[in-house]
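Inspection log for the structure reproduced underneath, given as structure tokens.
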Amino acid sequence: MSLYKHLSHFPLKKGLITKQAHVGLPENTFEDEHGRDGFFGPVSHLYRSHAPILWNRIEGPLKPRAYDLNKTPKSLNKSKSEDGYHRSKLLYNEAVAIFTLKPNGAMPYYYRNADGDEVYFIHQGSGTIETDYGPLTFEPGDYLVIPKGTTYRWCPATPENFFLLIESRDRIRQPDRGILGQHALYDPAVIQTPEPSPILEESSQENPKEWEVRIQRLNEITKVFYPFNPMDVVGWKGDLTVWKLNVRDIRPVMSHRYHLAPSVHSTFIGGDAFIICTFLPRPLEEDENAVRVPFYHRNIDYDEVIFYHDGDFFSRHGIAPGMLTLHPQGIHHGPHPKAVAASLKKTKTDEIAVMIDSRQALLASPEATACEWADYHISWCEH
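Numbering (numbering that gives the first Met the number 0), first residue to last: 0 to 382.
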């Protein structure tokens, strides 16, 4: 048996430790999880005399970063000659990209992404999305999964709208629930799919008209013009479609005696490239010896992104709804010192947040840099 397999099944124990991870830490120590494969691989816990986020300064690209996405530009919709649905590209790599979209009216054309699947999270706004498969209404807290190649058009009913968009080069699928069973996290019966609702409009001599479809491929746009409305589907069947899930229908897995890893909150999987998790209100651990806030760790195999939607974000101080944080692979991450103290007085969390964990390093765009909180990495040292 190799040393790697030996350590995986028979962990060594050295020095001052606790028998159960995240429970009963030795006095005046801080637990630091050094693990692989996003909490699924080999792991060790180091018990330190100081919190590993109490640095004096950081020089180099691995600074933890925060962006106030409330400051990204609105997707103004003034005329067909302008792209009224500008997507503000923020973080990206070859497998996944994260955008904001803030429309203030109906999309003046139809859109089709031939580069990848899309997951929209509705932060603000409500209305309808027209798709090949039929329309779906949307409201805050909705996830809408749009398969690659689907034609659609946004029709907001509200003046202020704020969508988070996650574009995936791989197919978006549901996580394997394993021993939890198929109804854990959310019962598949809560998923909503559209009913056919053809829009039978055509051009005529009396009313000459064209309907535009913009197709994205290799990040370039091709425009196709039809003499009829392309939303003309009268029926459909199969297992590929647009679908919707609201956060109120997600029931988080929890333990009253042990702080579970964030991977237990997985909502969508983007191939082997990234995971989307949803953090929701839940009771805190009742065991007085259990760690009640996320443990310190180093994100060794994933860049960790969190978008804050609503509530009081118990693991961080100074974060508001509409903000997004990035913690790169290799540098420590964990609870803010003020959050640790605050958790001792709470019995439950009150937060809704979306986490995207990317295996490849994420790059920041100029649009992200323009709304960055420059001193975020220093804020971790505040007591």
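Heads up, the beta-carbon is just placed ideally off N, CA and C, and yes, glycines get one too. If you're wondering where the values come from, they're calculated on a predicted model, not measured in any experiment.
Would you report the Cα separation of L362 and P207, rounded to the nearest angstrom?
Numbered from its first residue, the sequence shown carries residue 362 at position 363. Numbered from its first residue, the sequence shown carries residue 207 at position 208. Their backbone Cα atoms lie some 46 Å apart in a straight line.
What did DSSP end up calling N69 once you bin it into helix, strand or coil?
Looking up residue 69 in the sequence shown gives position 70. Reduced to three states, the DSSP call for N69 is helix.
Can you tell me whether S203 is helix, strand or coil according to DSSP?
Along the sequence shown, one-based indexing puts residue 203 at 204. Of the three classes helix, strand and coil, the one that applies to S203 here is coil, per DSSP.
How would you call N218, buried or exposed, if buried means at least 16 neighbouring beta carbons within 10 angstroms?
Translated into the one-based positions of the sequence shown, residue 218 becomes position 219. The residue in question, N218, is exposed, as its Cβ has fewer than 16 Cβ neighbours within 10 Å.
Should A113 and K73 be called a contact, given that it needs their Cβ atoms to be closer than 8 Å?
Counting from 1 along the sequence shown, the entry for residue 113 is found at position 114. Counting from 1 along the sequence shown, the entry for residue 73 is found at position 74. The answer is no: Cβ separation not under 8 Å.
Inspect the beta-carbon positions of P197 and D141 and report whether they are closer than 8 Å.
Working through the sequence shown from its first residue, we reach residue 197 at position 198. Working through the sequence shown from its first residue, we reach residue 141 at position 142. It is not a contact, given that the beta carbons lie outside the stated cut-off.
What does a CB cutoff of less than 7 Å around N245 pick up in its chain, not counting 5 residues either side in sequence?
Taking the first residue of the sequence shown as position 1, residue 245 is located at position 246. Correct list, in chain order: G140 and D141.
Determine whether the beta carbon atoms of P195 and W235 lie at a separation below 8 Å.
Indexing the sequence shown from 1 puts residue 195 at position 196. Indexing the sequence shown from 1 puts residue 235 at position 236. Going by C-beta atoms, P195 is nearer than 8 Å to W235.
S265 and P174 look like a contact to me (Cβ under 8 Å); what is the Cβ gap, rounded to whole Å?
Numbered from its first residue, the sequence shown carries residue 265 at position 266. Numbered from its first residue, the sequence shown carries residue 174 at position 175. About 4 Å separates the two Cβ atoms, so the contact holds.
With the cut-off set at 8 Å, would you say Y66 and S364 are in Cβ contact?
Working through the sequence shown from its first residue, we reach residue 66 at position 67. Working through the sequence shown from its first residue, we reach residue 364 at position 365. No, these two residues do not count as a Cβ contact at 8 Å.
Restricting to Cα atoms, I'd like to know which of K243, W210 and S254 is closest to F267.
The residue labelled residue 267 in the question sits at position 268 within the sequence shown. Per the Cα distances, K243.
With the cut-off set at 8 Å, would you say S167 and G37 are in Cβ contact?
Taking the first residue of the sequence shown as 1, we reach residue 167 at position 168. Taking the first residue of the sequence shown as 1, we reach residue 37 at position 38. Not closer than 8 Å, so no.
Can you name the start and end residues of the beta strand (DSSP E) that Y307 belongs to?
Here the question's residue 307 lines up with position 308 in the sequence shown. Counting along the chain, the beta strand (DSSP E) containing Y307 begins and ends at D302 to D311.
Give every residue of the same chain whose Cβ lies closer than 8 Å to the Cβ of E284, excluding the five residues on either side of it in the sequence, and list them in chain order.
The sequence position of residue 284 within the sequence shown is 285, counting from 1. Result list for E284: S254, H255, R256, Y257, H258, V290 and R291, in chain order.
In the DSSP assignment, what residue or residues form a beta bridge with G34?
By one-based count along the sequence shown, residue 34 stands at place 35. The partner list for G34 (beta bridge, DSSP) reads V42.
Look up H376 in the DSSP assignment and give the residues it is bridged to.
Position 377 of the sequence shown, counted from the start, is the residue given in the question as residue 376. Paired residue(s): none; H376 is not in a bridge.
Hey, could you find the ends of the alpha helix (DSSP H) A367 is sitting in?
Here residue 367 is taken as the residue at index 368 of the sequence shown, counted from 1. Where A367 is concerned, the enclosing alpha helix (DSSP H) stretches over P365 to T368.
Can you tell me which of the three DSSP states A289 falls into?
Walking along the sequence shown from the start, residue 289 turns up at place 290. The answer is strand: DSSP assigns A289 an E or B state.
Assuming L164 and L68 make a contact with CB atoms under 8 Å, what is their CB distance in whole Å?
The residue labelled residue 164 in the question sits at position 165 within the sequence shown. The residue labelled residue 68 in the question sits at position 69 within the sequence shown. Not confirmed; about 11 Å, so no contact.
Quick one: give me the first and last residue of the beta strand (DSSP E) that Y119 is part of.
The residue labelled residue 119 in the question sits at position 120 within the sequence shown. First-last of the beta strand (DSSP E) with Y119: D116 to Q123.
Mapping DSSP to helix, strand and coil, what is D385?
This structure gives no information on residue 385, because the portion of the chain shown stretches from 0 to 382.
Apart from the five residues just before and just after F411, which ones in its own chain have a Cβ nearer than 8 Å to its Cβ?
This structure cannot speak to residue 411, because the chain is shown only from 0 to 382.
Which same chain residues end up closer than 6 Å to I318 when comparing Cβ atoms and leaving out the 5 residues on each side of it in sequence?
On the sequence shown, position 319 is the one that residue 318 refers to. Y307 and F312.
How big is the Cα-Cα spacing for H335 and N55?
For the purposes of this step, residue 335 is identified with residue 336 of the sequence shown, where counting begins at 1. For the purposes of this step, residue 55 is identified with residue 56 of the sequence shown, where counting begins at 1. Distance between the alpha carbons of H335 and N55: 15 Å.
On the criterion of 16 or more Cβ atoms from any shown chain inside 10 Å, does P158 qualify as buried, or is it exposed?
Along the sequence shown, read from residue 1 onward, the residue named residue 158 stands at position 159. By the 10 Å Cβ count, P158 comes out exposed.
For I52, write down the residues that DSSP places opposite it in a beta bridge.
Walking along the sequence shown from the start, residue 52 turns up at place 53. In the DSSP output, where bridge partners are listed per residue, I52 has none listed.
Sort N228, K62, G126 and E26 by Cα distance to H376 and report the nearest one.
Stepping through the sequence shown from its first residue, residue 376 is reached at position 377. Residue K62 is the option with its Cα nearest to H376.
Am I right that E366 and T71 are in contact with their C-beta atoms under 8 Å? What's the rounded C-beta distance?
Here residue 366 is taken as the residue at index 367 of the sequence shown, counted from 1. Here residue 71 is taken as the residue at index 72 of the sequence shown, counted from 1. About 6 Å; that satisfies the 8 Å criterion.
For R170, which residues in the same chain have their Cβ closer than 7 Å to its Cβ, ignoring the five residues on either side in sequence?
Taking the sequence shown and counting its residues from 1, the one referred to as residue 170 is at position 171. Correct list, in chain order: D116 and G270.
When the Cα of R111 is compared with those of T150, G126, N103 and T127, which residue comes out closest?
One-based indexing of the sequence shown puts residue 111 at position 112. Nearest option by C-alpha distance: T150.
Based on Cα-Cα distance, which residue from P282, N298, D374 and E303 lies nearest to T393?
The first residue shown for the chain is 0 and the last is 382, placing residue 393 beyond what the model contains.
Would you mind stating whether K88 and A96 have Cβ atoms separated by less than 8 Å?
As a working mapping, residue 88 is identified with position 89 in the sequence shown. As a working mapping, residue 96 is identified with position 97 in the sequence shown. Closer than 8 Å, so yes.
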